[in-house]
Each structure stands twice: as structure tokens, then as C-alpha cells.
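S.K.: Below are the C-alpha cells for one structure; questions will follow.
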Amino acid sequence: SAPGRILWYVSGSCGEIAAISHLDEVEIGLPKELFKKYRRFGILEWRDIYGLCKGDIEREIMALKFSRTFPFRNRIPLSEIRAVFREHGVGESLQAPLRLPESAFQQLFKIGYPIPE
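Have a look at this one:
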């Protein structure tokens, strides 16, 4: 739910958190409605949206409106993410939105964006 933060996890061979954004708004709706409303931002093509809803245009999907995105100075590897999650009792699945305790977020933020000495 907004307001909130998004930690951008890059999957694949690198498996790391690379950036952070501010979550401004979450909207749930039908694919055609959301595509019409947000297509001027040029993020996804209709074929991408159609695939997301598995061809069922009556299936609701979620649109995230975010801002103030910046890359971390240090990308956070999966091994460190898992260690922080274990320390704070957070499940390790990164497949869906996840609510983190503030202390876990702060620890990850300090790893990704350390204060120079």
C-alpha cells in the first residue's frame, strides 16, 4: 500500500537489489482501463499487459505509480538479502510484494547506500 518504498530486485544471474523508489500509488483495475490511463508513460505495451493477465481482460491487475528512483551505490547480493531477512524473521520469497519491518529496510538501505566516512 502507498505510501511506501520499492526495493528493485534484479533476478537472473546477478540476483541483487539495485535501486529504490518511492511508492506513490497502487491502483487495481481491469487491464484495458489501466492501460488507457497509464500508457502515456510508455512502460508496457498492450501485448505485455495482455500476457500479464493471461489473456483474461476481465482479470484485475495492479498498477504501481512510483517516483524518486535512484540506484544504490552498492548493489545488495542475494546472500546479504537472505541474511538480513533471516535476522528479522522475514520469509525469503522475492516473487511477490513483501512488507518489511522498518529495521530490516534500514539495514538493507545502509548496505546499499552507505554514508561515506
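Residue 11 is where the sequence shown starts when you use this note's numbering, and the numbers rise one by one after that.
We treat Cβ as the ideally placed atom computed from N, Cα and C, and that holds for glycine.
Helix, strand or coil for Phe100 per DSSP?
M.R.: Residue mapping note: residue 100 aligns to position 90 of the sequence shown, counting from 1. Note that residue 100 is Val in the sequence shown, not Phe. Coil at Val100, not helix or strand.
S.K.: Taking Cys24 as the reference, give the member of Gly65, Arg85, Arg57 with the closest Cα.
M.R.: Position 14 of the sequence shown, counting from 1, holds the residue named residue 24. That would be Arg85, whose Cα lies nearest to the Cα of Cys24.
S.K.: Start and end of the beta strand (DSSP E) containing Ile67?
M.R.: As a first step, residue 67 is located in the sequence shown; it is residue number 57 there, counting from the start. Run containing Ile67: none; DSSP gives neither H nor E here.
S.K.: Can you tell me which of Glu37, Phe119, Glu70 puts its alpha carbon nearest to the alpha carbon of Pro81?
M.R.: Numbered from 1 along the sequence shown, position 71 holds the residue referred to as residue 81. It is Phe119.
S.K.: Just to confirm, is the Cβ distance from Ile16 to Ser31 under 7 Å?
M.R.: Residue 16 sits at position 6 when you count from the first residue of the sequence shown. Residue 31 sits at position 21 when you count from the first residue of the sequence shown. Taking 7 Å as the Cβ cut-off, Ile16 and Ser31 qualify as a contacting pair.
S.K.: For Ile121 and Glu35, I'd like the C-alpha separation in whole angstroms.
M.R.: Counting from 1 along the sequence shown, the entry for residue 121 is found at position 111. Counting from 1 along the sequence shown, the entry for residue 35 is found at position 25. Answer to the nearest angstrom: the Cα atoms are 26 Å apart.
S.K.: Enumerate in chain order the residues of its own chain whose CB-to-CB distance from Pro41 is below 6 Å, with the five nearest sequence positions on each side excluded.
M.R.: Taking the first residue of the sequence shown as 1, we reach residue 41 at position 31. Once the five neighbours on either side are set aside, the close Cβ partners of Pro41 are Ile59, Cys63, Ile67, Ile71.
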